[in-house]
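For the sequence shown, this note's numbering gives the first residue as 40, with consecutive numbering after it.
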Amino acid sequence: MSYNKMSVYHLSSSSFTVAGGETVAAFRTEADTILFIHAKWCGYCKQAVPEFKKAAIAVGDSGVKFAMLEDVELKKMEKPLPVRGFPSFFRIDGKTGKITALDGFPRTADAMLKAI
Numbered sequence: 040m041s042y043n044k045m046s047v048y049h050l051s052s053s054s055f056t057v058a059g060g061e062t063v064a065a066f067r068t069e070a071d072t073i074l075f076i077h078a079k080w081c082g083y084c085k086q087a088v089p090e091f092k093k094a095a096i097a098v099g100d101s102g103v104k105f106a107m108l109e110d111v112e113l114k115k116m117e118k119p120l121p122v123r124g125f126p127s128f129f130r131i132d133g134k135t136g137k138i139t140a141l142d143g144f145p146r147t148a149d150a151m152l153k154a155i
């Protein structure tokens with residue numbers, strides 16, 4: 040797991056494990072994490088990436104973390120997350136590592152900030 044100056048974690052397949060038959064985050068943070076799964080070839084993802092980074096900068100250190108996972112890393116996971124399309128958003132519980140789909144999560148920074 041690497042971290043850049045824009046407050047966005049860039050995750051790899053090794054950032055996840057399988058526990059109780061479900062994929063969970065292998066790491067724990069003090070706060071919940073919004074996980075953005077994207078593909079480089081996806082036009083909607085290309086539009087959402089700068090918005091996601093803008094939202095991460097706006098939130099700063101206020102508690103919610105932001106993370107990205109590329110589709111190629113998703114394919115390497117032992118038990119991939121249930122992604123139905125790109126982009127996809129998930130919430131990672133900071134204490135348990137449990138991952139929950141965020142169906143209908145917005146793709147613009149302002150709307151993301153309101154949803155959080």
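Note that beta-carbon positions come from the ideal geometry of N, C-alpha and C, so glycine has one too.
Partner residues in the beta bridge of E61, as assigned by DSSP, are A58.
Counting every other CB atom within 10 Å of its CB across the protein chains shown gives S101 a total below 16, marking it as exposed.
Residue environment: K104 is assigned as buried (16 or more neighbouring CB atoms within 10 Å of its CB, all protein chains considered). For M151, the uninterrupted alpha helix (DSSP H) segment begins and ends at A148 to A154. Runs of the alpha helix (DSSP H) spanning 4 or more residues and lying entirely within the stretch 75 to 128 occur at 82 to 98 and 110 to 115, in chain order. Of the residues assessed, G136 falls on the buried side of the cut-off, its CB having 16 or more other CB atoms within 10 angstroms. The Cβ atoms of A64 and I131 lie closer than 7 Å to each other. Contact annotation: F66 and M116 have beta-carbon atoms that are not nearer than 7 Å. Residues of the same chain with a CB within less than 7 Å of the CB of V88, apart from the 5 flanking positions on each side, are H77 in chain order. One Cα belongs to F91, the other to T139, and the distance between them is close to 18 Å.
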